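Participant:
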Amino acid sequence: MTRSFELSVNGKTHQVEVEPQTPLLYVLRNDLALNGAKFGCGLGQCGACTVNLDGAAVRSCITPVAVATGRRITTIEQDGSPTLAALQDAFVAEQAMQCGYCINGMIMVAKAFIDGGGTASDETIRDALALNLCRCGAHNRIVRAVLRAAGHRSGT
Amino acid sequence: MTIARRDLLKGAGAIVASFALRPALAAAALPTDMLKQPALDGWVRIDPPGTVTIFTGKVELGQGILTALSQIAADGMGVDFARIAIIGGDTSQTPNEGQTSGSQSVEYGGEALRDATAEARALLIATAAAARGVPPERLIVEDGTIRDPATGWSTTYWQVAGTGLLHRDAVGTTLPAPARRSIGQSVPRLDIPSKVRGGASYVQDMRLPGMLHGRVVRPPSYGAILVGFDETAVRALPGVLAVVHNGSFLGLVAEREEQAIAARNALVVGAQWTQTPTLPDPAKLHDALRAMTKLVLTISDKGGDMPAPTGQRFEAEYSRPYIAHASIGPSCAVAHLDGGTLRVWSHTQGVFPLRQNLATLLGLPEDRIVVAHRQGSGCYGHNGADDVAGDAALLARALPGRPIRVQWMRDDEFAWEPFGAAMVTKASATLDAGRIVDWHYEIWSPPHSTRPGEGGGNSLIAGWAMDPPQPPGVPKPIPQPNGSGDRNGIPLYAFARQKVVFNHITDMPVRVSALRTLGATTNVFAIECFIDELALAAGADPVAFRLAHLQDERAIAVIEAAAKLGHWQAGAKGGNGTGRGFAFAQYKNLMAYVAVVVDLAVDRETGGIRVRKVSAAVDAGETINPDGLRNQIEGGIIQAISWSTKEQVRFDRTRILSRDWSGYPILAFPEVPAVEITVIDRPGDRALGVGEAACGPTAAAVANALYHATRVRLRDMPLAPANILAAWI
Amino acid sequence: MKAALPILLIAAVAGLAFAAIAWHPSIAPVAVAEPNEALVKQGAALAAIGDCAVCHTSPGGADYAGGRKLATPFGALYSSNITPDPETGIGGWSLAAFTRAMRQGVDRAGHNLYPALPYDHFTRITDADLAALYAFLMAGQPVRATKPSNELPFPLTWRPLLAGWNLLFLDDRRYQPDPGHDASWNRGAYLVEGLGHCGACHTPRNSFGAATAGKALIGGEAEGWSAPPLAGAPWTEASLYAYLRTGLDTHHGAAAGPMAPVVWNLGRAPDGDVRAMAAYLASMTGPAGQPPAADNAVMADSPGAAIFAGACSSCHGAAAPMTANGAPSLALSSTLQASDPGNLIHVVLGGIRPEHYRAGPQMPAFGAILRDDQLVELATYLRAHFAPDQPAWTGLPDVLHRVRTEGNAS
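Here the protein sequences come in this chain order: A, B and C.
The number in the numbering used here is simply the position in the first sequence, starting from 1, with 72 added.
The number in the numbering used here is simply the position in the second sequence, starting from 1, with 93 added.
The number in the numbering used here is simply the position in the third sequence, starting from 1, with 242 added.
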């Protein structure tokens with residue numbers, strides 16, 4: 073049975089009519105045309121689908137729409153986030169990817185980490201990204217990009 | 094959007110005039126990829142007001158190739174990089190350059206564009222010169238502006254390029270290489286900005302009007318037969334518009350993606366299959382491989398007439414299991430039966446071979462099918478990309494006029510992608526007075542390419558399941574020096590007496606195809622581990638021992654560079670779980686050279702390997718994009734560490750068991766080492782691809798470092814913790 | 243004055259007696275000897291069963307260098323550095339000193355150790371096994387690391403008090419084989435009751451933190467997780483072996499929380515020893531039993547059902563890859579059958595990580611995905627749907643609050 077859900081995504085409110093168990097990933101991509109979050113496994117194992125929910129990094133493939141309603145969803149398409157902008161610039165500057173399919177997850181985990189007050193170091197970033205998979209081997213570039221963005225954010 | 098090259102006007106006068114305007118072009122060999130499609134306007138188009146559009150048959154896999162080719166084209170044309178637009182891999186628009194594979198794109202795709210742009214530029218200059226009445230040698234080009242420095246007169250490509258100017262065949266050029274303005278620069282990649290902003294970058298992001306969502310229900314195992322399913326119940330599920338059933342091929346289309354997934358799940362649970370055990374006993378895989386049907390080929394045999402060598406004989410066997418591409422994004426395709434034309438968007442590595450296979454799958458003429466490349470996630474070879482295009486085409490045929498997007502689920506990709514073949518090898522050698530005087534190496538390997546267009550038969554697994562089935566063909570061996578299972582099977586070292594035998598297995602109980610490096614990683618692993626074992630027996634330093642057996646100067650240079658970068662010290666002590674190892678190879682014995690030093694530690698509790706640092710030296714001829722080169726080398730190093738220390742496809746007698754990431758772990762962030770790379774750049778030399786060159790040496794160096802750290806010599810990949818602990822005192 | 247004299251005398255005698263038991267001589271330090279390879283290897287196998295590295299390694303720290311925080315009802319303790327570093331570790335300890343620590347809980351200098359080190363179990367270990375363990379630890383990498391100070395309230399900081407604890411609760415005897423059982427059972431008993439120290443978590447503790455007499459292995463707690471009963475629990479020997487060896491049993495579920503590192507280590511221990519432990523434990527467990535199947539009608543339209551369908555069924559549903567590989571219905575999960583919902587809350591909030599990114603049971607963390615009220619809805623649904631013949635869990639919000647504030651064991 074579909075129901076109407078109000079979703080706050082990147083500061084805008086949307087009304088969607090879906091079954092309550094529908095993973096947020098498909099609603100974001102197919103109903104709201106937001107390509108950032110990616111389908112990598114649908115099992116919460118790889119992190120490619122990561123978005124932020126109330127500021128925390130969550131895997132949208134295992135987040136049913138019913139639990140996301142009434143909460144603050146932000147995605148890689150968000151405007152006006154200095155942290156996100158710093159990360160995006162840093163990932164471009166460091167050319168921090170190969171195929172790039174995992175990068176949405178990397179950026180959204182890093183965003184939650186930095187905005188959550190995490191102290192960015194090589195070790196803490198690797199730890200924060202420990203459950204995000206990258207198959208191409210861009211790990212070191214990704215870490216450098218996050219460090220660069222974190223440094224930029226903290227003004228160092 | 095179809096651009097037919099034939100639509101460009103063929104003004105005969107223009108051609109005749111052009112004929113006379115070709116002073117500087119001497120007859121020379123045409124690049125390989127241009128031989129069958131020499132028309133220049135198939136490669137280059139001058140687009141007012143200020144763009145040059147390049148057509149390449151190569152496709153972007155995330156390796157930065159479109160950027161690198163654009164750099165080559167920019168310098169070839171004498172324009173700024175920003176003026177280049179590039180279109181890759183589209184059967185309706187671009188040349189046919191086969192597959193984007195084998196580390197050949199920058200070399201062969203680049204070679205074609207070098208020639209095409211050189212000839213185009215010469216023609217444009219000649220046209221301008223003729224119009225002005227001056228010899229072409231007086232004119233220079235600056236960012237598409239043609240100028241006469243003596244008078245200040247100038248015009249532009251876009252003013253000069255009448256229609257049809259480039260509608261002529263290339264003849265090959267011996268013009269000197271153009272000034273390097275783009276080549277050699279780390280030009281930022283064209284595709285990255287969109288990818289950090291959630292742009293529509295991948296085939297997965299395509300959204301066409303009226304698009305529907307398809308899923309397939311694959312058999313639970315190879316050869317399983319569909320016995321029955323409740324079609325009525327599935328059709329009654331919300332949003333389901335079509336159920337496509339042909340033999341054991343079962344697919345469905347729904348309005349919404351989650352509806353398609355729900356319907357697929359219902360069929361996964363409800364459909365009944367009969368299954369047959371068809372897989373070898375995983376505990377006896379090596380024996381099974383050696384017993385399979387095979388063609389025996391001697392690929393190297395020299396010094397056999399010399400007297401039998403004296404000295405001490407050594408022997409060792411090395412192996413690797415089946416490994417998975419394990420692409421982060423499971424394969425996806427969009428297909429649309431649009432009027433009489435089937436349009437397919439795919440992340441295939443070869444749009445033309447795929448089109449050919451789709452034609453046979455569907456019984457359609459090729460010229461009614463268009464395949465256009467859109468990026469997918471990294472494929473590292475032949476993954477499910479072609480197969481899902483076949484699935485999408487079949488579903489699209491059931492709903493003409495509607496674009497159908499088919500997304501493989503995670504377990505579809507893990508269980509049905511063609512794996513990298515399991516291989517066993519046997520090395521033996523004779524040492525006399527500290528030198529290798531005799532070398533014998535034998536390989537057993539299933540095929541390493543079952544791509545569309547190879548091996549005859551039908552590559553697409555949808556066809557295997559149909560009634561009547563369209564079975565796969567049996568691939569032939571690929572000749573050296575490319576090779577398949579025997580790639581890099583012939584050592585680069587100078588041995589007076591050597592024999593290399595390749596057993597090309599034709600049985601394929603487990604589906605296999607091309608995975609980055611084909612057989613090279615296993616062969617380099619075996620050779621470079623064995624070299625280390627022989628060095629130890631000879632009491633020699635591993636680096637010095639290699640140098641003593643090499644004559645190739647570039648190989649020597651790259652080995653010395655790596656040893657220097659990694660601060661290699663002969664006789665350095667390892668042990669207590671800490672050690673370092675060295676390895677080297679030239680990919681296919683004719684492409685890029687890579688040597689690596691690996692530093693690692695082994696955990697005493699768990700036996701787990703933690704690679705701390707890799708120092709690599711690379712010689713890839715002329716470097717097109719230094720940052721892109723480093724990215725690829727580092728990626729290859731990290732992936733090879735993952736393969737060699739963690740990866741193995743699990744199966745039982747009937748089915749593949751590795752179906753999600755929990756059953757197929759790969760290297761994680763905390764396990765990734767620091768990597769430093771030194772590049773020997775050779776401007777003016779042939780540019781060599783680097784996508785695969787670092788993998789084999791890295792795998793071997795890890796095993797050599799493991800030995801240095803623990804005195805445990807493991808010869809079977811993956812170098813698993815349990816095996817290390819069992820052998821480590 | 244005269245009436246006070248006997249009291250004073252008794253007090254004096256008691257004081258002297260106490261001093262006598264509370265005072266231990268320092269054992270002279272020795273140099274680290276050359277390792278005996280065979281003994282070291284034997285000791286490594288024993289250390290895997292004893293899980294020494296789990297408590298004696300801090301997250302991200304060097305193996306055995308200590309510093310791991312252990313929460314107890316009395317306050318927080320930090321584990322010692324047991325690498326052979328002479329100044330900050332046990333590098334100067336003789337075998338005699340090591341033996342005394344393992345059997346009586348007294349360190350080389352003569353100070354009492356807190357029974358967070360379960361020497362009340364280790365005291366059962368034979369001389370030969372202690373010698374092997376000693377050889378293994380002494381052959382390790384010396385690491386210079388000083389642990390943080392314990393966080394205990396006075397008077398618990400006064401270590402001689404522990405002499406009294408030993409007097410009351412330490413049964414300082416070696417394991418005695420039971421002739422009524424075979425060698426495998428006895429080996430299992432020796433390991434479970436001694437080195438394996440299962441009772442340290444699976445036996446309830448009294449107010450002194452000692453094992454409650456007469457309640458061996460009927461269930462306890464560890465680091466905020468409940469350690470289910472072993473005695474009388476519905477486990478077969480085959481299930482016990484599978485669980486201990488691989489971390490997963492298809493009739494009960496996956497090891498999580500503090501039990502996960504235990505099974506990682508038992509996966510590396512000698513197979514015969516793990517089988518023996520299973521054999522011994524099976525002699526006290528009850529019949530396997532079969533819980534009823536999930537009740538598909540129950541709460542099918544509830545919010546909890548929708549959460550389960552969207553958040554959980556991609557792995558726990560009938561079409562999941564995990565299910566195709568034999569993972570059972572959650573109706574068989576011990577965690578959902580248990581009367582205490584704490585472990586279920588832990589697992590949903592924190593997920594399950596395999597060891598060092600290896601293959602093995604894993605589950606994502608839902609702590610950021612589900613708000614408290616949503617988690618309560620889910621837990622209520624899970625209990626009703628998958629454990630239909632068990633009474634509903636009560637007090638879920640309180641359990642949830644406790645688990646969230648205490649934090650999960652990693």
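Note that beta-carbon positions come from the ideal geometry of N, C-alpha and C, so glycine has one too.
Quantities reported herein were computed from a predicted structural model and do not represent experimental measurements.
If contact means a Cβ-Cβ distance below 9 Å, which residues of the region 85-98 of chain A contact chain C?
Facilitator: If the cut-off is 9 Å between Cβ atoms, the region 85-98 of chain A has E91, P92, Q93, T94, P95, L96 near chain C.
Participant: Would S341/B pass as an interface residue toward chain C - the criterion being a Cβ-Cβ separation below 8 Å?
Facilitator: Position 248 of the second sequence, counting from 1, holds the residue named residue 341/B. Not an interface residue.
Participant: Which same chain residues, not among the five before or five after L683/B, have their C-beta less than 7 Å away from its C-beta?
Facilitator: Here the question's residue 683/B lines up with position 590 in the second sequence. P574.
Participant: Between P370/B and R779/B, is the Cβ-Cβ spacing less than 8 Å?
Facilitator: As a working note, residue 370/B is residue 277 in the second sequence. As a working note, residue 779/B is residue 686 in the second sequence. No; because the gap between Cβ atoms is not below 8 Å, this pair is not in contact.
Participant: What's the C-alpha gap between R467/B and G155/B?
Facilitator: Residue numbering aside, residue 467/B sits at position 374 when the second sequence is read from its first letter. Residue numbering aside, residue 155/B sits at position 62 when the second sequence is read from its first letter. Using only the alpha carbons, I get a separation of about 11 Å.
Participant: Examine chain C for any beta-carbon lying closer than 8 Å to the beta-carbon of Q117/A, and answer yes or no.
Facilitator: For the purposes of this step, residue 117/A is taken as the residue at position 45 of the first sequence. True, the Cβ-Cβ gap to chain C drops below 8 Å.
Participant: Can you give the Cα-Cα distance for P95/A and L115/A, rounded to whole angstroms?
Facilitator: Start at 1 with the first residue of the first sequence, and residue 95/A comes out as number 23. Start at 1 with the first residue of the first sequence, and residue 115/A comes out as number 43. Each residue's alpha carbon lies about 11 Å from the other.
Participant: Taking only beta carbons into account, state which residues of the region 483-513 of chain B come closer than 7 Å to chain A, listed in chain order.
Facilitator: Of all residues in the region 483-513 of chain B, Q500, M502, R503 have a Cβ within less than 7 Å of some Cβ in chain A.
Participant: Which value, in whole angstroms, describes the spacing of the CA atoms of C297/C and V504/C?
Facilitator: The count along the third sequence starts at 1 and reaches residue 297/C at position 55. The count along the third sequence starts at 1 and reaches residue 504/C at position 262. Those two C-alpha atoms are separated by around 11 Å.
Participant: Here's a check: name, in chain order, each residue in its chain whose Cβ is nearer than 8 Å to the Cβ of C118/A, leaving out the five neighbours to either side.
Facilitator: What you label residue 118/A is simply residue 46 of the first sequence in a count that begins at 1. Contacts found: G112, C174, G177, N204, L205.
Participant: Can you find a CB in chain B that lies within less than 8 Å of the CB of N567/C?
Facilitator: Locating residue 567/C in the third sequence gives position 325, where the first residue counts as 1. So, interface residue.
Participant: Determine the contact status of T610/B and R580/B, defining contact as a CB-CB distance below 8 Å.
Facilitator: Looking up residue 610/B in the second sequence gives position 517. Looking up residue 580/B in the second sequence gives position 487. For T610/B and R580/B, yes; Cβs fall inside 8 Å.
Participant: Using DSSP's beta-bridge definition, name the partner residues of A360/C.
Facilitator: As a position in the third sequence, residue 360/C is number 118, starting the count at 1. Note that residue 360/C corresponds to Pro in the displayed sequence, not to Ala. None, per the DSSP bridge assignment.
Participant: Is there contact between the region 130-141 of chain A and the region 93-107 of chain A, where contact requires at least three CB pairs shorter than 8 Å?
Facilitator: With a cut-off of 8 Å, the region 93-107 of chain A and the region 130-141 of chain A count as touching, because enough Cβ pairs lie within range.
Participant: Taking the alpha carbon of K681/B as the point to measure from, which residue in A787/B, I730/B, Q644/B has its own alpha carbon closest?
Facilitator: Mapped onto the second sequence, residue 681/B falls at position 588. When each option's Cα is compared against that of K681/B, the closest is A787/B.
Participant: Is there contact here, the region 523-531 of chain C with the region 613-622 of chain C, by at least three beta-carbon pairs under 8 Å?
Facilitator: With a cut-off of 8 Å, the region 613-622 of chain C and the region 523-531 of chain C do not count as touching, because too few Cβ pairs lie within range.
Participant: Helix, strand or coil: how does DSSP classify G612/B here?
Facilitator: Working through the second sequence from its first residue, we reach residue 612/B at position 519. In the structure shown, G612/B sits in coil (DSSP, three-state: anything other than H, G, I, E or B).
Participant: Is R144/A close to chain C? Criterion is C-beta to C-beta, closer than 8 Å.
Facilitator: One-based indexing of the first sequence puts residue 144/A at position 72. With 8 Å as the cut-off, R144/A does not count as an interface residue toward chain C.
Participant: Grouping DSSP H, G and I as helix and E and B as strand, with all else coil, what is T577/C?
Facilitator: Translated into positions along the third sequence, residue 577/C becomes position 335. Correct three-state label for T577/C: helix.
Participant: Quick one: Cα of N816/B to Cα of R207/B, how far?
Facilitator: Position 723 of the second sequence, counted from the first residue, corresponds to residue 816/B. Position 114 of the second sequence, counted from the first residue, corresponds to residue 207/B. Approximately 51 Å, taken between the alpha carbons.
Participant: In terms of alpha-carbon separation, which member of I421/B, Y534/B, K666/B, G150/B lies closest to A522/B?
Facilitator: To locate residue 522/B, count along the second sequence from 1; it is residue 429. Ranking I421/B, Y534/B, K666/B, G150/B by Cα distance to A522/B puts Y534/B first.
Participant: Whose CA, out of L807/B, T146/B, I731/B, lies closest to the CA of G789/B?
Facilitator: In the second sequence, counting from the first residue as 1, residue 789/B sits at position 696. The residue with the shortest Cα to Cα distance from G789/B is I731/B.
Participant: Leaving aside the five residues before and after H475/B along the sequence, list all residues of the same chain whose C-beta is less than 6 Å from its C-beta, in chain order.
Facilitator: To locate residue 475/B, count along the second sequence from 1; it is residue 382. Closer than 6 Å at Cβ, skipping near neighbours: P511, R544, S606, A607.
Participant: To the nearest angstrom, report how far apart L114/B and A224/B are at their CA atoms.
Facilitator: Mapped onto the second sequence, residue 114/B falls at position 21. Mapped onto the second sequence, residue 224/B falls at position 131. Confidence is the limiting factor: at L114/B the pLDDT is only 37, short of 50, which leaves the residue's position unreliable and the question unanswerable from this model.
Participant: Just to confirm, are V152/B and G191/B a CB contact at a threshold of 8 Å?
Facilitator: Numbered from 1 along the second sequence, position 59 holds the residue referred to as residue 152/B. Numbered from 1 along the second sequence, position 98 holds the residue referred to as residue 191/B. Against a cut-off of 8 Å, the Cβ pair of G191/B and V152/B comes out as no contact.
Participant: Answer yes or no: do A353/B and G307/B have a C-beta to C-beta separation smaller than 8 Å?
Facilitator: Mapped onto the second sequence, residue 353/B falls at position 260. Mapped onto the second sequence, residue 307/B falls at position 214. Yes.
Participant: R216/A and A168/A look like a contact to me (Cβ under 8 Å); what is the Cβ gap, rounded to whole Å?
Facilitator: As a first step, residue 216/A must be located in the first sequence, where it is residue number 144. As a first step, residue 168/A must be located in the first sequence, where it is residue number 96. So it is a contact: roughly 7 Å between Cβ atoms.
Participant: Determine the contact status of A562/C and S556/C, defining contact as a CB-CB distance below 8 Å.
Facilitator: The residue given as residue 562/C occupies position 320 in the third sequence. The residue given as residue 556/C occupies position 314 in the third sequence. Their beta carbons are under 8 Å apart, which means A562/C touches S556/C by this criterion.
Participant: Please name the residue or residues paired with A178/B in a DSSP beta bridge.
Facilitator: What you label residue 178/B is simply residue 85 of the second sequence in a count that begins at 1. BP columns for A178/B point to T146/B.
Participant: Kindly list, in the order they appear in chain A, the residues whose Cβ is closer than 9 Å to that of S556/C.
Facilitator: The residue labelled residue 556/C in the question sits at position 314 within the third sequence. Ordered by position in chain A, the residues that pass the 9 Å Cβ test against S556/C are P95, C113, G114, L115, G116, C133, I134.
Participant: Does any C-beta atom of chain A lie closer than 8 Å to the C-beta of A521/C?
Facilitator: What you label residue 521/C is simply residue 279 of the third sequence in a count that begins at 1. No, A521/C lies away from the interface with chain A (no Cβ there is under 8 Å from its Cβ).
Participant: Between which two residues does the beta strand (DSSP E) containing Y534/B stretch?
Facilitator: Along the second sequence, one-based indexing puts residue 534/B at 441. 528-538 is the extent of the beta strand (DSSP E) around Y534/B.
Participant: Going along the chain, which residues of its own chain have a beta-carbon closer than 8 Å to the beta-carbon of N339/B, five neighbours each way excluded?
Facilitator: Mapped onto the second sequence, residue 339/B falls at position 246. Around N339/B: L487, A558, M559, D560.
Participant: Quick one: is E479/C near chain B, going by C-beta distance under 8 Å?
Facilitator: On the third sequence, position 237 is the one that residue 479/C refers to. It does not: the Cβ of E479/C has no partner Cβ on chain B nearer than 8 Å.
Participant: Closer than 7 Å: is that where the CB of A526/B sits relative to any heavy atom of the ligand FAD?
Facilitator: Of the ligands one can find in the structure shown there are none, so the ligand FAD has no counterpart to examine.
Participant: Taking only beta-carbon positions, decide if A120/A is within less than 8 Å of chain C.
Facilitator: The residue given as residue 120/A occupies position 48 in the first sequence. Output row for A120/A: interface = no.
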